[in-house]
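Residue numbers (the numbering used here): 1 to 293. Okay, so here's the structure we're looking at.
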């Protein structure tokens, strides 16, 4: 059966507000650049840019800013059929504030996600035909740790997509300020049985499956224990000078269980890094594209 979508992602859509490094406050709106972003959305946008059919599951408030978000998705060739408009008047669009610091400093970043529309998403608002029309479903640990409702919805989406034959891709990428180490481990034990393609750091890998084995042996054990066909370990970032700033590029090690082989870097040809796209999301896009094409 032909699938309408190569990839469908699930996550919060944020409006990013970036303040120039030459300004100390937000009083001058002319120096503020706004952009639509989100970890999961960036991955799907990267895959879409390479020519595959994509869609995205999210929830937006009904105010006029939703138009900018939907226009961005359409311009990125991402189907908006599964973006639900929230029925509650107090629902908000999540915000991401970034203040650029002069080189070599790191940008100041603040999130405002309280009462974000995604927290009130109801799966009954999604068409039932979505699940058997998709080759791959992707989400991340950052998204699932935002609230109990989002976590439960994410688990149910994984179950439904997998039941209909789709591959499930999961980027662990937990934030310590959202979930404790114990919460991360407990959540992963429930998530991993649904996962076919896993992106995870060596640090979290060793926390979840405590062993002193070499990394490659640990990856094999992880793949076997949870029946994961592809494990991508994101190693510590390699710092290099790029575009007059310090660029943090993560290293990757890909394991394919079917052939019992390792590949040191994902083939991410064609995924162009921009100021808006993190190198991690670009590499994940390239990896998923090569698994799908």
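Virtual Cβ for every residue (Gly too), placed ideally from N, Cα, C. For clarity, every value in this text was computed on a predicted model and none was experimentally measured.
Alpha carbon of residue i to alpha carbon of residue j, nearest angstrom
i, j, result
"residue 95", "residue 9", "19 Å"
"residue 158", "residue 170", "9 Å"
"residue 220", "residue 257", "8 Å"
"residue 280", "residue 87", "34 Å"
"residue 35", "residue 71", "11 Å"
"residue 47", "residue 139", "14 Å"
"residue 216", "residue 66", "45 Å"
"residue 99", "residue 227", "42 Å"
"residue 160", "residue 261", "30 Å"
"residue 111", "residue 2", "40 Å"
"residue 284", "residue 168", "13 Å"
"residue 173", "residue 38", "13 Å"
"residue 15", "residue 121", "18 Å"
"residue 5", "residue 137", "10 Å"
"residue 209", "residue 253", "18 Å"
"residue 123", "residue 200", "27 Å"
"residue 230", "residue 198", "6 Å"
"residue 218", "residue 259", "16 Å"
"residue 251", "residue 131", "33 Å"
"residue 181", "residue 191", "15 Å"
"residue 127", "residue 162", "16 Å"
"residue 133", "residue 225", "29 Å"
"residue 19", "residue 107", "10 Å"
"residue 63", "residue 69", "11 Å"
"residue 300", "residue 43", "Residue 300 cannot be examined here, being either before or after the span of the chain that is shown, 1 to 293."
Range covered by the alpha helix (DSSP H) that runs through residue i
i, result
"residue 71", "66-75"
"residue 42", "39-49"
"residue 185", "181-191"
"residue 215", "215-226"
"residue 145", "Note, residue 145: premise wrong, no alpha helix (DSSP H); not H, not E."
"residue 292", "279-292"
Residue burial classification, residue i (beta-carbon count within 10 angstroms, cutoff 16)
i, result
"residue 196", "buried"
"residue 61", "buried"
"residue 165", "exposed"
"residue 109", "exposed"
"residue 183", "exposed"
"residue 270", "With a pLDDT of 49 at residue 270, under the threshold of 50, the predicted position of this residue should be treated as unreliable, though the coordinate-derived value follows. The residue is exposed, with fewer than 16 neighbouring Cβ atoms inside 10 Å."
"residue 287", "buried"
"residue 7", "buried"
"residue 40", "buried"
"residue 45", "buried"
"residue 291", "buried"
"residue 90", "exposed"
"residue 282", "buried"
"residue 152", "exposed"
"residue 214", "exposed"
"residue 293", "exposed"
Boundaries (first-last residue) of the beta strand (DSSP E) holding residue i
i, result
"residue 261", "261-263"
"residue 112", "108-112"
"residue 92", "Where residue 92 is concerned, there is no enclosing beta strand (DSSP E), given that its DSSP letter is neither H nor E."
"residue 7", "5-10"
CB-CB length for residue i against residue j, believed under 8 Å
i, j, result
"residue 93", "residue 117", "7 Å"
"residue 205", "residue 233", "6 Å"
"residue 12", "residue 113", "7 Å"
"residue 202", "residue 235", "6 Å"
"residue 84", "residue 115", "That belief does not hold up - the Cβ atoms of residue 84 and residue 115 are roughly 16 Å apart, past 8 Å."
"residue 194", "residue 223", "At roughly 15 Å, the Cβ-Cβ gap does not stay under 8 Å, so residue 194 and residue 223 are not in contact."
"residue 149", "residue 119", "6 Å"
"residue 299", "residue 17", "Look at the range of the chain in this structure, 1 to 293, and you will see that residue 299 is not part of it."
Cβ of residue i within 7 Å of any chain C Cβ
i, result
"residue 225", "Checking the listed chains, one finds no chain C in this structure; it contains a single protein chain."
heavy atom of the ligand ZN below 6 Å from residue i C-beta
i, result
"residue 47", "Annotation note on the ligand ZN: not contained in the displayed structure, which lists no ligands."
Three or more C-beta pairs below 8 Å linking the region 174-189 and the region 141-153: yes
Any 3 or more C-beta pairs closer than 8 Å across the region 43-62 and the region 75-86: yes
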